[in-house]
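Residue numbers (UniProt numbering): 1 to 200.
For reference, the structure is listed below as structure tokens.
Here it is in structure tokens:
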């Protein structure tokens, strides 16, 4: 149980990193793109997963009796997702020999893989182009941002060092002045003492 809770800690680190990215204009470009495209992505996801579930159930009905990977709903979901990722065994599916199975596979690849996934990329790229157009041409990159921070830090350290040297010099001068004043007072006392001894 403890390991399951700890396993979510990297996600918190990622969210913290994305928050830090907002301070750099170039890195904020990515996070702002996802933020502005989130509404369109959500509506796309509703349509996509509806089509995905329809094809999953249809594949389970068509292949479930012959293929183990479509024998249950969970396995059919896993197999359909693998087909989306390009991991499928066409020879095993072809051995079924049904026209319906061939139509299922071809239409699924055309509709989901070639059309809908490219629509998702188009949605994101459209928002990306819009966000990037609002970015100043001279916006700091990650390297220049780090360079100027190091320059400012070096300048601050140099200024602090200079102030420290000035303070030390002033302190030394003040100490010398006090020593001279003390020496003068002592000499004056000795001189007064000698005068008093001479008078006696």
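Note that the Cβ used here is the ideal one computed from N, Cα and C, for glycine as well.
Assuming residue i contacts residue j under a Cβ cut-off of 8 Å, what Cβ separation, rounded to an integer in Å, is found between them?
i: residue 36; j: residue 106; result: Going by Cβ atoms, the distance from residue 36 to residue 106 rounds to 35 Å, so no, they are not a contact pair.
i: residue 59; j: residue 104; result: 6 Å
i: residue 31; j: residue 124; result: That belief does not hold up - the Cβ atoms of residue 31 and residue 124 are roughly 13 Å apart, past 8 Å.
How many Å lie between residue i and residue j at the Cα?
i: residue 2; j: residue 26; result: 37 Å
i: residue 135; j: residue 8; result: 34 Å
i: residue 16; j: residue 99; result: 51 Å
i: residue 94; j: residue 118; result: 27 Å
i: residue 121; j: residue 10; result: 26 Å
i: residue 65; j: residue 133; result: 54 Å
i: residue 88; j: residue 42; result: 28 Å
i: residue 14; j: residue 76; result: 32 Å
i: residue 108; j: residue 57; result: 12 Å
i: residue 55; j: residue 61; result: 10 Å
i: residue 6; j: residue 85; result: 29 Å
i: residue 112; j: residue 96; result: 22 Å
i: residue 39; j: residue 74; result: 29 Å
i: residue 78; j: residue 71; result: 11 Å
What do you reckon, are the CB atoms on residue i and residue j nearer than 8 Å?
i: residue 63; j: residue 101; result: yes
i: residue 80; j: residue 44; result: no
Consult DSSP for residue i and reduce its assignment to one of helix, strand or coil.
i: residue 135; result: coil
i: residue 96; result: coil
i: residue 66; result: coil
i: residue 86; result: coil
i: residue 42; result: helix
i: residue 7; result: coil
i: residue 71; result: coil
i: residue 175; result: Note that residue 175 scores a pLDDT of 48, beneath 50, so its modelled location is shaky and nothing firm can be said.
Please classify residue i as buried or exposed, where buried requires at least 16 other C-beta atoms within 10 Å of its C-beta.
i: residue 92; result: exposed
i: residue 67; result: buried
i: residue 127; result: buried
i: residue 49; result: exposed
i: residue 83; result: buried
i: residue 69; result: buried
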